[in-house]
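Asker: Below you'll find the structure I mean.
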């Protein structure tokens with residue numbers, strides 16, 4: 001592998017990741033600027049659940065000073081960038097005026113647990129259904145596997161979550177319906193998220209397997225007498241897996257956004273629930289921190305996926321490969 005090409009590839013991906021992260025930070029800043037009315041008044045009284053007209057001027061002045069709202073917009077933006085870099089997010093008014101950093105620290109562990117288990121299950125199910133739709137011996141079995149994947153794409157997340165709760169928690173009693181206590185409590189919400197993403201993943205993977213299977217070197221492998229399963233497992237999977245890495249990276253964003261619905265339905269504490277509470281209370285510092293956090297997670301996962309491409313297929317770092325991507 002050419003070292004100069006690889007270095008250029010890595011630097012381009014790092015630059016793209018920084019641009020996307022900067023975009024998320026700027027978007028979180030603009031949310032406050034574009035809010036109709038007085039953001040400080042909405043935030044103070046929204047966080048306390050009171051009448052917005054009852055906020056005293058001393059409180060409002062303090063909030064404006066803390067968030068830099070009493071300065072010109074350009075100075076507000078520069079100050080906000082400085083607070084982002086130093087992780088100084090201020091006060092979460094909807095959470096008993098705790099530090100935003102502390103509030104996120106208390107909820108992120110549960111969401112990361114949910115996301116990690118969901119991603120593992122989603123990837124496993126996607127691969128199994130993709131291989132089944134390609135390798136099963138009869139056409140009706142292959143069609144059945146393909147048909148099942150449509151469910152994950154077509155069914156809304158809240159409908160699937162409620163159905164799984166009704167069957168496996170309320171009727172069978174296999175899993176707890178609510179809370180975040182131990183492995184059993186995370187399995188059902190993780191399965192819900194996994195089923196929603198596995199359909200997309202399996203369809204993309206199956207299509208990639210079929211496209212790679214039409215390549216000339218695969219025909220040579222078949223001519224050597226290898227079985228269909230041996231051809232796919234030995235010669236097709238590696239090259240067919242690149243779109244899977246891309247889709248997995250994209251689905252991380254879906255897991256994070258879907259956590260708000262799933263955590264609410266299953267009564268789990270976490271970042272998703274914090275999003276709902278922060279938006280309801282117009283808690284702008286918490287909303288901004290959550291946007292940057294979720295954007296950062298998405299950027300990090302996508303960057304890891306991009307940097308893993310040359311390990312799977314060294315051709316992706318070549319100029320010719322870049323022109324065809």
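In UniProt numbering, the protein residues as written are 1 to 325.
Just so it is clear, CB atoms sit at the ideal spot from N, CA and C, and this is done for glycine as well.
Note that the structure is predicted; figures quoted are calculated from it, not measured.
Answer yes or no: do residue 302 and residue 254 have a C-beta to C-beta separation smaller than 9 Å?
Answerer: Counted from its first residue, the chain shown places residue 302 at position 302. Counted from its first residue, the chain shown places residue 254 at position 254. For residue 302 and residue 254, no; Cβs fall outside 9 Å.
Asker: What is the DSSP secondary structure of residue 91, reduced to helix, strand or coil?
Answerer: Indexing the chain shown from 1 puts residue 91 at position 91. Residue state, collapsed to three classes: strand.
Asker: Measure the C-alpha to C-alpha separation of residue 17 and residue 270 and round it to an integer number of angstroms.
Answerer: As a working mapping, residue 17 is identified with position 17 in the chain shown. As a working mapping, residue 270 is identified with position 270 in the chain shown. Rounded to whole angstroms, the separation of the alpha carbons of residue 270 and residue 17 is 25 Å.
Asker: With contact counted as at least three CB pairs below 8 Å, one residue from each stretch, are the segment 76 to 86 and the segment 54 to 64 in contact?
Answerer: no
Asker: Which term fits residue 86, buried or exposed, when burial requires 16 or more other beta carbons within 10 angstroms of its beta carbon?
Answerer: Here the question's residue 86 lines up with position 86 in the chain shown. Classification for residue 86: exposed.
Asker: Contact defined as beta carbons within less than 8 Å: I believe residue 186 pairs with residue 69. What is the distance between those atoms, to the nearest angstrom?
Answerer: If you number the chain shown from 1, residue 186 lands on position 186. If you number the chain shown from 1, residue 69 lands on position 69. So it is not a contact: roughly 40 Å between Cβ atoms.
Asker: Let me know if residue 219 comes out buried or exposed under the rule of 16 or more other beta-carbons within 10 Å of its beta-carbon.
Answerer: Locating residue 219 in the chain shown gives position 219, where the first residue counts as 1. Classification for residue 219: exposed.
Asker: Ordered along the chain, which non-local residues of its own chain (more than five positions away) have a Cβ less than 8 Å from that of residue 169?
Answerer: In the chain shown, counting from the first residue as 1, residue 169 sits at position 169. Correct list, in chain order: 175, 176, 177, 188.
Asker: Taking the straight line between their C-alpha atoms, what separation do you get for residue 14 and residue 8?
Answerer: Against the chain shown, residue 14 aligns to sequence position 14. Against the chain shown, residue 8 aligns to sequence position 8. Approximately 10 Å between the Cα atoms of the pair.
Asker: By DSSP, does residue 96 sit in helix, in strand, or in coil?
Answerer: What you label residue 96 is simply residue 96 of the chain shown in a count that begins at 1. Reduced to three states, the DSSP call for residue 96 is coil.
Asker: To which residues of the same chain is residue 212 closer than 6 Å at the C-beta, ignoring the five residues directly before and after it?
Answerer: Within the chain shown, numbered from 1, the residue matching residue 212 stands at position 212. Same-chain partners within the cutoff: 236, 239, 240.
Asker: By a C-beta neighbour count over all protein chains shown, 10 Å radius and 16 as the cutoff for buried, is residue 50 buried or exposed?
Answerer: In the chain shown, the residue the question calls residue 50 occupies position 50. Residue confidence is low: residue 50 scores 49 on pLDDT, short of 50, so the model does not pin down where it sits. Its coordinate-derived value is still stated next. By the Cβ-count criterion, residue 50 is exposed, with fewer than 16 other Cβ atoms from all chains shown falling within 10 Å of its own Cβ.
Asker: Give me the residue from 181, 244, 283 with the minimum Cα distance to residue 267.
Answerer: The sequence position of residue 267 within the chain shown is 267, counting from 1. Of 181, 244, 283, the residue nearest in Cα terms is 181.
Asker: Identify whether residue 102 lies in helix, strand or coil by the three-state DSSP scheme.
Answerer: What you label residue 102 is simply residue 102 of the chain shown in a count that begins at 1. Here residue 102 sits in helix by DSSP.
Asker: Reducing DSSP to helix, strand and coil, say where residue 177 ends up.
Answerer: As a working mapping, residue 177 is identified with position 177 in the chain shown. Coil, per DSSP.
Asker: List the whole-angstrom C-beta distance separating residue 297 from residue 193, where the pair is believed to meet the contact cut-off of C-beta under 8 Å.
Answerer: For the purposes of this step, residue 297 is taken as residue 297 along the chain shown, with counting starting at 1. For the purposes of this step, residue 193 is taken as residue 193 along the chain shown, with counting starting at 1. Rounded to whole angstroms, the Cβ separation of residue 297 and residue 193 is 15 Å, and the two are not in contact under 8 Å.
Asker: Check whether the Cβ atoms of residue 99 and residue 91 sit closer than 9 Å, and answer yes or no.
Answerer: Numbered from its first residue, the chain shown carries residue 99 at position 99. Numbered from its first residue, the chain shown carries residue 91 at position 91. In contact: residue 99 and residue 91 (Cβ atoms closer than 9 Å).
Asker: Hey, residue 252 and residue 199: beta-carbon distance below 9 Å or not?
Answerer: Mapped onto the chain shown, residue 252 falls at position 252. Mapped onto the chain shown, residue 199 falls at position 199. No, Cβ-Cβ distance for residue 252 and residue 199 is not below 9 Å.
Asker: Here's the rule I'm using: 16 or more other beta-carbon atoms within 10 Å means buried, otherwise exposed. How should residue 154 be labelled?
Answerer: For the purposes of this step, residue 154 is taken as the residue at position 154 of the chain shown. So residue 154 counts as exposed.
Asker: Run the CB neighbour count on residue 35, radius 10 Å, all protein chains shown included, and call it buried at 16 or more, exposed below.
Answerer: As a first step, residue 35 is located in the chain shown; it is residue number 35 there, counting from the start. Answer is exposed; the Cβ neighbour count stays below 16.
Asker: Beta carbon of residue 196, beta carbon of residue 165: below 9 Å?
Answerer: The count along the chain shown starts at 1 and reaches residue 196 at position 196. The count along the chain shown starts at 1 and reaches residue 165 at position 165. It is not a contact, given that the beta carbons lie outside the stated cut-off.
Asker: Taking the C-alpha atoms as reference points, what is the distance between residue 67 and residue 276?
Answerer: Position 67 of the chain shown, counted from the first residue, corresponds to residue 67. Position 276 of the chain shown, counted from the first residue, corresponds to residue 276. One C-alpha to the other measures close to 22 Å.
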